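What follows is one structure encoded as structure tokens, with my remarks underneath.
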Amino acid sequence: MKYPASTVRISYYRAKDIGANQEWIDWAFEMIDAGFETESLLYLASFSESESSWHVREIGNKALLELGIVAVEIETAMIGYATSLVQMAVESKINPLTALTKLCKIYDDNRQVGSLKDFFLLYYAKTDLADSEMQLYWTAATRENIDSIISDYFKQWLSTHQESTLPLD
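Here it is as structure tokens:
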């Protein structure tokens, strides 16, 4: 069985010790729907959003352990999550701007990781060009070519980060 795509995001949240309660709870339901069933997943799925964040993450971490999903370093989890978002955008499962928005947030939360800086720059180039003819973030990017620049960059990222996916299968 293959883990739902949200498992990569949850692995990132685990590494950062973050995540809104509802995201962890929704992940538990996705896992159960995909055929995974552990005591902790069932328990996590029974929680409400008002449950203690610490308790939700504790049970979520137990569920990950029961599933054999190993904890990874923050940078590994971050690059894995970034690669997952880019892959979903390339496969048209999410809008490229949605992916860039999430990637920009990851970059903002982890400013020390220079490998994500281009996502930050592309996000602001794209959003500036939505409102203006000019942007100062990406050389030669215009309204006419920004989408192809983003698409090309996403494909380049995937070609150089194929091994950056998290060990989830």
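For the sequence shown, the numbering used here assigns the number 12 to the initial residue and increments by one for each residue that follows.
Idealized CB from N, CA, C, for every residue including glycine.
From a predicted model like this one, the values you see are computed outputs, not experimental measurements.
- In the pairwise beta carbon analysis, the segment 53–65 is classified as not touching the segment 109–127: fewer than three pairs are separated by under 8 Å.
- Note that the C-beta distance between glycine 91 and valine 19 is below 8 Å.
- Cβ-Cβ distances below 6 Å link arginine 154 to Leu140 in the same chain, with the five nearest sequence neighbours on each side left out; the list follows chain order.
- For glutamate 77, same chain residues with a beta-carbon under 6 Å away, outside a window of 5 residues either side, are Thr49 and Ser51 in chain order.
- Our two residues, tyrosine 23 and valine 81, have alpha carbons roughly 12 Å apart in a direct line.
- The C-alpha of valine 97 is placed about 11 Å away from the C-alpha of aspartate 163.
- C-alpha of alanine 100 to C-alpha of serine 170: approximately 14 Å in a straight line.
- Distance from the Cα of isoleucine 157 is smallest, within the candidate group Trp168, Thr138 and Lys166, for Thr138.
- The beta carbon of alanine 110 sits closer than 8 Å to those of Leu96, Val97, Met99, Ala100 and Phe165, all from its chain and outside the five residues before and after it, given in chain order.
- Inter-residue distance for serine 143 and alanine 74 is about 47 Å (C-alpha atoms, whole angstroms).
- Secondary structure at asparagine 156: coil, using DSSP grouped into helix, strand and coil.
- About 7 Å separates the Cβ atoms of arginine 68 and aspartate 28, confirming a contact at the 8 Å cut-off.
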